[in-house]
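Residue numbers (the numbering used here): 17 to 507.
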Amino acid sequence: MSKINPLDQPEIRLLIAEHLRGVDLARCLRVCWSWHNTFLPLVWENVSVGKTSWAQPSPSQDSLTPEDLHSHHHLIKDLGIVDWPEKYPFAFPRMQTLYLHLFNGTTPSLAKCLAPLIERNQSLVKLDLWSLDDDIDYRLWKALLKLPHLRELSLGMSSIQEDDIVRFWTICENLESLKLDSVRFPQGTTPHASMCFRNVRKLTLCWVSGMEDEGQFRFITSCPNLEDLAWYYISSIEPDYGLEDHVDMGGPYFEEFAKEVTRKRWPRLTSWRRDGQWTEEDTCQIIEGMQRVKKIYLGDRFGPLTFQALQRHFNNLVELHVNAGSEVSYKLLQNIMCSCPALKTLIGGDVLAKYVVEGNPWVCLSLECLSICFMFSDTEQHLQPVIFERLAKLTRLERLYSRSARGPFQEKRLVPLQFRLQSGLDALSSLWRMVSFNTGYSKSLGEEELRWMLVHWKDLISVSADVDIDDDTKIELQNLFKSHGIKLRHK
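See below:
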């Protein structure tokens with residue numbers, strides 16, 4: 017009786033594929049015809065054309081032609097385009113997600129080709145449109161109204177005209193997720209008092225102009241089932257896409273928002289993010305009013321009162337953004353790392369290492385993304401191996417960022433964690449899931465460390481660092497990383 021090779025079973029190969037990214041999936045096509053047939057649909061599920069970065073890139077996507085897409089159009093589920101949309105005058109019958117990010121000068125006739133592209137793809141569930149400016153006209157909105165399954169819409173760097181406002185609100189009624197980032201509305205836009213967007217679960221209002229504070233607040237209160245809210249509002253009268261001119265001034269509607277949270281206006285709200293001028297007392301009022309906190313952005317408003325309000329949510333906390341900047345906040349951050357077992361994302365800013373290695377061990381072993389710049393004085397260099405030992409236990413970590421929020425450290429004579437083998441980097445071989453790594457301003461990576469990463473972090477997609485090697489070696493290593501499907505960005 018002949019033995020059956022497990023790798024000949026399509027089910028086994030599909031299980032293998034769950035642990036592979038684009039580059040490795042593409043390599044599996046070359047094994048044999050049966051592997052080719054199994055992995056081809058997976059390679060073409062997520063495709064990007066142009067200089068896009070949201071899909072998992074395969075080695076050949078930089079040179080994809082419209083003919084390539086047409087040949088495999090029936091396999092594509094997620095498509096990203098930074099290109100001329102009129103190059104793709106055909107339907108993608110399985111497509112659920114379309115990212116269309118255009119930049120100045122991409123195409124002068126976008127309005128003429130964008131609506132037909134959407135009309136041909138009625139299976140769309142998620143649509144992300146960026147930098148369309150005045151090219152969003154009635155043809156696009158009519159096309160969006162005809163999409164029966166559209167549930168997620170993201171608009172960025174775009175304008176909505178007066179005649180299209182009613183169509184926009186009608187589309188919002190069926191959405192579950194809406195993101196408006198640097199979107200310009202006609203001055204004074206506000207939803208009618210009778211409108212109710214019961215399906216909206218996730219809402220992001222980021223530097224929206226034309227819809228003033230009152231209008232944005234009314235929009236938020238018209239979404240009673242909100243679970244995730246990000247609100248960054250401005251008071252500028254003249255809309256301008258130069259974000260440096262937009263300053264969040266705070267105001268009475270933030271206070272009203274805090275009161276409505278306390279009154280349980282949004283009983284499902286578990287995620288809240290906002291920038292601007294507010295007190296720690298206001299922040300505590302919101303945290304205490306939320307029945308459960310899973311994700312929260314606190315920024316600089318992070319002190320003993322906030323910590324106390326958050327404590328009852330520690331077991332549920334999944335994502336936390338803070339800017340630690342004092343001895344008190346460093347110690348509170350250490351307590352959080354020792355008290356939040358479900359935490360998956362922690363953005364902590366610059367932290368003096370001596371405060372976060374004291375006390376109990378970290379229990380946040382589910383962390384997948386960590387962005388903290390551990391800093392050391394001249395007398396604390398012996399703590400660098402201790403930090404590496406702590407990091408080595410975060411075996412689910414996929415993204416590690418050590419960028420400083422303040423730039424170089426000359427002012428305080430502090431130095432960041434040195435990602436050198438002699439400092440303890442080798443301990444991080446346990447972080448085999450690592451996908452993205454960034455050391456910021458620290459000139460701590462040398463040739464030996466970069467080659468070490470290739471050996472131990474097989475899933476790497478990008479490395480960004482200020483490397484300490486000569487130009488010829490940089491070019492050699494950049495080509496080596498590219499051959500492994502890894503983007504190496506160095507300064």
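Quick reminder that beta carbons are idealized off the backbone N, C-alpha and C, glycines included.
Note that the C-beta distance between Trp60 and Leu95 is not below 8 angstroms. By the Cβ rule, the region 302 to 312 does not count as touching the region 346 to 357, because fewer than three pairs are nearer than 8 angstroms. Between Leu163 and Leu196, the gap from beta carbon to beta carbon reaches 8 angstroms or more. Between the region 198 to 209 and the region 221 to 230 there are three or more inter-stretch CB-CB distances shorter than 8 angstroms, so the stretches are counted as touching. Sequence-distant partners of Leu368 (beyond 5 residues in either direction) whose C-beta falls short of 6 angstroms from its own C-beta, in its chain, are Tyr346 and Met391. Per DSSP, the unbroken beta strand (DSSP E) holding Val199 starts and ends at Ser193 to Arg200. Thr237 and Val483 have their C-alpha atoms roughly 49 angstroms apart. Residue environment: Glu492 is assigned as exposed (fewer than 16 neighbouring CB atoms within 10 Å of its CB, all protein chains considered). Unbroken beta strand (DSSP E) runs of no fewer than 3 residues, entirely contained in the region 173 to 237, are found at 193 to 200 and 218 to 222, following chain order. Beta-bridge partners of Leu245 (DSSP): Leu219 and Trp288. Leu242 sits away from Trp185, with the two beta carbons spaced by 8 angstroms or more. Listed in chain order, the non-local C-beta contacts of Cys300 below 7 angstroms within the same chain comprise Leu321, Thr322 and Ala325, local neighbours out to five positions each way being set aside.
Check the Cα spacing between Leu285 and each of His398, Gln112, Thr295 and Lys311: the tightest is with Lys311. Only buried fits Phe497, as 16 or more other CB atoms lie within 10 angstroms of its CB.
Contact between Ala358 and Asn331 holds: CB atoms are separated by about 6 angstroms, below the 8 angstroms threshold. Around the Cβ of Val47, a 10 Å sphere holds fewer than 16 other Cβ atoms; the residue is exposed. Spanning the alpha carbons of Asn339 and Arg412 requires a straight line of approximately 23 angstroms. In this structure Ser139 is not in contact with Arg167, their Cβ atoms being roughly 12 angstroms apart against a cut-off of 8 angstroms. Residues Asp179 and Asp180 of the same chain have their beta carbon placed closer than 7 angstroms to that of Tyr154, with the five preceding and five following residues left out of the count. Residue state for Cys300 is assigned as helix, using DSSP reduced to three classes.
Assignment of beta-bridge partners to Met391 by DSSP yields Leu368 and Pro432. Judged by DSSP secondary structure, Arg415 falls within the beta strand (DSSP E) whose first and last residues are Arg415 to Tyr417. Between Val334 and Lys360 a beta carbon distance of about 5 angstroms is seen, short of the 8 angstroms cut, so the two are scored as contacting. Taking each of Phe318, Arg289 and Ser287 in turn and checking the Cα distance to Thr295, the smallest one comes out for Phe318.
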